[in-house]
Amino acid sequence: MADLSINIAGIPLTNPVMPAAGPPGWNGEAMKACAEGGAGAIVAKTVSVQPATVPTPNMARFPGGFLNTELWSELPVEQFIAREYPIARQAGVPLIVSLGYTAEEIAQLAPRVRPFADALELSTHYIGDDPAPMMDAIRAAKNAVDVPVLVKLSPFRDMTTAARAAAEAGADGIVAVNSFGPCLGVDIETGQMLMGSREGYGWLSGEALKPLALRCVFDVARAVDLPIVGVGGITRGSDAIEFLMTGASAVGVCTAAILKGPQVYGKIAREIAKWLDEHGYASVEDVRGLAIRRWREREFRTVHVPPTLDVDACTGCGLCEASCVYDAIHVIDDKAKLSPEACYGCGLCVTRCPVRALSIT
Ligand SMILES: Cc1cc2nc3c(=O)[nH]c(=O)nc-3n(C[C@H](O)[C@H](O)[C@H](O)COP(=O)(O)O)c2cc1C
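Count the sequence shown with my numbering and you get residues 53 to 413, in order.
In structure tokens:
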């Protein structure tokens, strides 16, 4: 079986799948369940100097995505130190402690959580787009403790600038990304906003976030030479592979674990291993950054290159025909037939074909 072990900022993990800070790590028992469910590391819910006052309702599912307005933990850091982190440590996998937000707060919190932490993760969610407060927070953490300091970036900022600033301030790794927003959703039966925050605003996570998160990871990977934990919309092994190919060394999962339970971590790890085996890769490291290398090799083109059709593989399902706005592909006698002269080379049919009978490079 492919080797799933990785090393992130000096911390060895048996597999690259871990929770992303949030409800999966809301208390000690929940964190332990993540490890029992197969996570390679535990990431705790973000704590700050003051517990958060969280509006309700604060979580909602909609097709393809998820909204939340959960802020950071409602539990005091004293409780995490006295009870939750010690329980999480019983799981025997590395524990990453998430802290927020300002340099002053991090300077206070970091030494207190250090006895339990294999690494710190700093959330930058509520300190804005200017890199200066983030850099001060990183320096405060680095001055206070000797464990690796990861920085979690939110996706609304310039990722290149943020990642370079994080590296300059001494960060040991980047977590990308946090949820995106503000966003909005309405329950049309009640006319109520889905979120109970003052403006009704919520933050987007889950499947809909994945393309944005991948772009952010790609930008970070090209900007700095730091390990990256890719986060955003990962629900299955193939999602995780996309993040690895885009430059991540490990992946974080929050929404899928909220919706499906902590066993999802082991399931995603097994799916990664299966995919690597089936495709002849020996390790996670073998696919890391592959999409960046391919992107460098691929020539920018504007000429219409039609896809290649494997007629034997085609099942004649008709999805390609249904979505070809150029009328370039038709199913005749249960097989797709391509008209290269009509084809715009847009590539959509390739992504619609359920059996990969169509391909384009
Ligand atoms: C309900 C909820 C609470 C969250 N709380 C935190 C948090 O306390 N700290 C943090 O850094 N990110 C928090 N996040 C963001 C997640 O860690 C993650 O970055 C984001 O949800 C995207 O990943 P996903 O699509 O796998 O959920 C939260 C997300 C959700 C859905």
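Where is the CB? At the ideal position from N, CA and C, for every residue including glycine.
Note that the structure is predicted; figures quoted are calculated from it, not measured.
{"Query": "Would you mind listing the alpha helix (DSSP H) stretches within the region 173-234 that are 4+ residues and don't spill past its ends, in chain order?", "Result": "183-196, 211-220"}
{"Query": "Considering only residues of the same chain and omitting the five flanking positions on each side of residue 239, which have a CB-CB separation below 7 Å?", "Result": "246"}
{"Query": "When the distance is taken between beta carbons, is residue 194 closer than 7 Å to residue 222?", "Result": "yes"}
{"Query": "Can you name, in chain order, every residue of its own chain whose Cβ lies under 7 Å from the Cβ of residue 259, other than the five neighbours on each side?", "Result": "116, 117, 285, 287"}
{"Query": "Going by the beta-carbon positions, is the gap between residue 68 and residue 336 smaller than 7 Å?", "Result": "yes"}
{"Query": "Assuming contact is defined by CB atoms lying nearer than 7 Å, are residue 231 and residue 249 in contact in what I supplied?", "Result": "no"}
{"Query": "Measuring only the C-alpha atoms, how far is residue 244 from residue 237?", "Result": "9 Å"}
{"Query": "Less than 7 Å between the C-beta atoms of residue 100 and residue 157, yes or no?", "Result": "yes"}
{"Query": "What's the gap between the Cα of residue 102 and the Cα of residue 123?", "Result": "12 Å"}
{"Query": "Report the three-state DSSP secondary structure of residue 160 (helix, strand or coil).", "Result": "helix"}
{"Query": "Does ligand 3 have a heavy atom nearer than 6 Å to the CB of residue 122?", "Result": "Absent from the structure shown: ligand 3. Ligands present: ligand 1."}
{"Query": "Can you tell me which of the three DSSP states residue 138 falls into?", "Result": "helix"}
{"Query": "Assuming residue 151 contacts residue 162 under a Cβ cut-off of 8 Å, what Cβ separation, rounded to an integer in Å, is found between them?", "Result": "7 Å"}
{"Query": "What are the start and end residues of the beta strand (DSSP E) that includes residue 305?", "Result": "302-305"}
{"Query": "Going by DSSP in three states, residue 412 sits in which element: helix, strand or coil?", "Result": "coil"}
{"Query": "Would residue 184 pass as a contact of residue 275 if the rule is Cβ separation under 7 Å?", "Result": "no"}
{"Query": "Between 159, 211, 207, 182, which has its C-alpha nearest residue 190's C-alpha?", "Result": "159"}
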